[in-house]
Amino acid sequence: MSAAPLHSRTPPPDVFRPRLALRRRLGAAFAAFCLLLTLGALGVLFVLLAQVLLAGWPWVSRKFIANMPSVLTPEQAGMKSAIYGTLWLAVLTGLFSVPVGLGAAIYLEEYAGRSRLARFIQFNIANLAGVPSIVYGMLGLAVFVRWLRCDRSVLSGALTMSLLVLPVIIIASREALAAVPSSIRQAAFALGATRWQTVRHHVLPAALPGMMTGIILALSRGIGETAPLILIGALSYVPFVPGGPLSDYPLTSTGLRQWLSTALFDQFTVMPIQIYDWVARPQPEFHHLAAAGIIVLLGVLLGMNATAVAIRAWQQRRRT
Amino acid sequence: MTGAADTSPGLRRSGFAPMFELRAPAATLPPREPIICTEALTIQYGHFAAVKNVSLAIPPCQVTAIIGPSGCGKSTLLRAMNRMNDFVRNMQVTGRILYRGLDVYGPGCDPVELRRRVGMVFQKPNPFPKSVFKNVAWAPVINGYRGKVAELVEQSLRRAALWDEVKDKLHDSALDLSGGQQQRLCIARAIALQPDVLLMDEPCSALDPIATARIEDLIDQLKSEYTVVLVTHNMQQAARVSDRTAFMYLGELIEVNDTNAIFTRPGNPRTQDYITGRFG
């Protein structure tokens with residue numbers, strides 16, 4: 001530039017080489033790359049989903065949901081027992097793993113401090129989250145099925161599944177607790193609150209949405225699991241629901257207790273195992289059944305997630 | 001007033017059970033008997049001594065300012081007075097802090113009860129993500145306040161000069177208030193517990209000049225009922241609002257005197273250098 005500088009304090013032009021055009025192009029290229037990856041992943045998912053829907057949608061019917069599985073007549077087969085088995089497993093796994101997981105996360109994050117023991121426990125939980133699910137199946141087989149003599153029951157399955165999802169729940173809940181700003185804890189302590197009051201009234205409500213997300217993801221993963229349940233002996237052909245119909249029992253608390261204890265120790269199957277069994281059969285009718293089963297499984301998972309999201313939204317609205 | 005409340009100045013604004021028997025009723029104390037007193041206090045984080053051998057007396061119903069450059073230990077000293085340092089790892093305290101004769105780090109002191117008596121306002125406004133009302137009401141409720149909570153909330157918000165601005169949105173989120181309003185809410189929250197002492201850790205450093213002026217006015221009014229210890233790196237603020245000023249440098253207490261004296265006739269050359277802006 002031969003003209004006078006724009007501003008007397010403009011630095012000499014050779015100190016910076018901004019290369020603005022190149023930087024912008026790089027940014028745009030990276031954005032395009034990310035978009036491509038996203039579309040690619042979604043595309044594969046869409047193709048899979050479309051294939052399943054095409055193959056299975058005609059087979060999804062009230063009959064399919066309400067009937068028991070059938071080996072001889074695929075046209076009459078349903079997955080009632082598998083749906084019930086999955087629901088039983090999901091509810092029981094949640095009942096076992098959520099209180100334990102939240103308790104462990106709160107203890108580790110709010111009470112344990114940085115002691116050597118606490119760090120040892122944290123390290124192990126992180127490792128447990130990465131252990132393959134089949135190993136949990138073997139553990140469940142050894143401990144719950146054989147040693148505790150729970151047999152190949154709903155209870156054994158739920159306990160095994162709880163072990164499987166616990167590390168994920170603990171880690172996600174700890175992350176949620178750690179994300180609560182420490183200024184909130186300080187404010188509460190400075191007002192003469194005990195640690196429990198601080199945690200109960202301020203830290204937990206602030207961490208709850210994150211915790212819920214972690215729990216939903218963990219339980220969803222558990223519901224989709226097949227391998228550990230095959231190991232502990234969930235069956236692929238179960239022509240009854242756990243405990244049998246509730247109407248078979250007297251409408252008293254004793255009846256309810258009988259139903260519950262029968263159900264807990266009944267044999268069971270779950271949806272992924274039922275689907276796996278159908279896929280493995282040679283007749284094409286069963287392949288359509290498998291596709292229909294996948295659609296129902298996805299529906300159940302979506303329903304559970306939607307429920308959890310709704311609970312979370314309700315909690316958040318209530319808090320302000 | 002009940003009989004117990006007559007003897008104990010901590011209960012003059014009654015509603016809470018007493019924490020411990022005071023050494024002597026306030027009426028018989030000499031007027032300048034310190035309410036908080038550090039004796040050869042040293043606070044270390046690992047091998048680093050943040051506060052070195054500080055002996056400082058805080059007189060009642062006055063504003064004591066602690067000034068000094070960043071990292072001089074003034075916040076550490078302040079946070080030791082209500083044991084908010086307990087949450088820092090590797091912290092060691094030697095020497096003593098006496099609050100009305102009670103050794104704060106001694107076995108007879110429950111930090112939870114101490115913090116109700118010695119309240120704190122932080123540098124950044126930190127209201128709870130709840131309604132304005134719940135922000136003020138929570139601490140009295142968990143500490144077993146026996147009076148009418150709604151009245152206490154109004155009274156505290158009035159004392160903090162915030163009532164007129166929030167009386168129509170008591171049940172809106174406190175996070176919707178401006179920064180200056182949030183800080184006054186934090187002050188209201190602290191005085192709702194009717195503390196003895198209010199510790200303020202650079203309460204205006206995140207605020208604009210107008211909000212700062214309002215907080216300073218408020219501090220000036222509060223000292224008729226509360227003892228205020230104010231940490232600030234703003235010397236003009238110390239000069240404006242405090243009765244006594246302590247100057248700290250590199251963890252040591254260099255000088256403490258009436259604010260007028262500190263700013264007009266500093267006794268130590270380092271104090272003079274600092275207040276004339278030669279360093280810091």
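Chains as they are written, first to last, in this note's numbering: chain A, 1 to 320; chain B, 1 to 280.
Here a beta-carbon is modelled for each residue, glycine too, at the ideal position from N, C-alpha and C.
Just so we're clear, the structure is a prediction, and the values are computed from it rather than from any experiment.
- When the Cα atoms are used, Pro-127 of chain B and Ala-187 of chain A turn out to be separated by approximately 8 Å.
- Residue contact check for Thr-194 of chain A against chain B: a CB pair falls below 9 Å.
- In the structure shown, Asn-85 of chain B adopts helical secondary structure according to DSSP, grouped into three states.
- Look at Arg-119 of chain A: its C-beta is not under 9 Å from any C-beta on chain B.
- Closer than 8 Å at the C-beta level to chain A, one finds these residues of the stretch 122-134 of chain B: Phe-122, Lys-124, Asn-126, Pro-127, Phe-128, Pro-129, Lys-130, Ser-131.
- For Ala-50 of chain B and Leu-217 of chain A, the gap between their C-alpha atoms comes out near 45 Å.
- Annotation for Gly-233 of chain A: Arg-152 place their beta carbon closer than 6 Å to its own, counting only its chain and skipping 5 residues before and after.
- With 16 or more other Cβ atoms inside 10 Å of its own Cβ, Leu-289 of chain A counts as buried.
- Bounds of any alpha helix (DSSP H) do not take in Met-91 of chain B; it lies within the beta strand (DSSP E) bounded by 91-99.
- Distance from the CA of Trp-196 of chain A to the CA of Leu-177 of chain A, rounded to the nearest whole angstrom, comes to 14 Å.
- Under DSSP, Gly-119 of chain B takes part in a beta bridge, and its partners are B:Leu-198.
- The residue among A:Ala-207, A:Leu-251, A:Leu-141, A:Pro-282 with its C-alpha nearest the C-alpha of Ile-170 of chain A is A:Ala-207.
- In the structure shown, Val-241 of chain B adopts helical secondary structure according to DSSP, grouped into three states.
- Here the stretch 155-166 of chain A makes contact with the stretch 223-230 of chain A; the two share three or more CB pairs at distances below 8 Å.
- Contact annotation, Ala-150 of chain B with Arg-189 of chain B: C-beta distance approximately 15 Å; criterion of less than 8 Å not satisfied.
- It is roughly 14 Å from the alpha-carbon of Arg-158 of chain B to the alpha-carbon of Ile-219 of chain B.
- Listed along chain B are Asn-126, Phe-128, Pro-129, each with a C-beta nearer than 8 Å to that of Ile-184 of chain A.
- Not a single C-beta of chain A is nearer than 9 Å to the C-beta of Arg-159 of chain B.
- Straight through space, the alpha carbons of Lys-124 of chain B and Tyr-145 of chain B are spaced by roughly 27 Å.
- The Cβ atoms of Ile-67 of chain B and Thr-245 of chain B lie closer than 9 Å to each other.
- In the assembly as shown, Trp-278 of chain A is a buried residue. Its beta-carbon has 16 or more other beta-carbons within 10 Å.
- DSSP lists B:Tyr-249 as the bridge partner or partners of Glu-252 of chain B.
- Among the residues facing chain B, Gly-210 of chain A is not included, as its CB has no counterpart in that chain under 9 Å away.
- Of the other Cβ atoms in all chains shown, 16 or more fall within 10 Å of the Cβ of Asp-196 of chain B; this residue is therefore buried.
- Listed along chain B are Asn-82, Met-84, Arg-115, Gly-119, Met-120, Phe-122, Ala-190, each with a C-beta nearer than 8 Å to that of Ala-190 of chain A.
- The contact set of Arg-114 of chain A on chain B, defined by CB atoms closer than 8 Å, consists of Arg-89 in chain order.
- The contact set of Ala-207 of chain A on chain B, defined by CB atoms closer than 9 Å, is empty, because the minimum CB distance reaches about 12 Å.
- Counting C-beta atoms within 10 angstroms of its own C-beta, Glu-75 of chain A has fewer than 16 neighbours from the protein chains shown and is therefore classed as exposed.
- Any Cβ of chain B closer than 9 Å to the Cβ of Ala-187 of chain A would place that residue at the interface, and such an atom is present.
- Proximity to Phe-189 of chain A across B:Gly-267, B:Gly-180, B:Ile-142, B:Leu-175 peaks at B:Ile-142, based on C-alpha coordinates.
- The beta carbons of Gly-85 of chain A and Met-271 of chain A sit closer together than 9 Å.
- In terms of Cα proximity to Leu-250 of chain B, the closest of B:Lys-169, B:Thr-38, B:Thr-76 is B:Thr-76.
- Look at Thr-259 of chain B here: in three-state DSSP terms it is helix.
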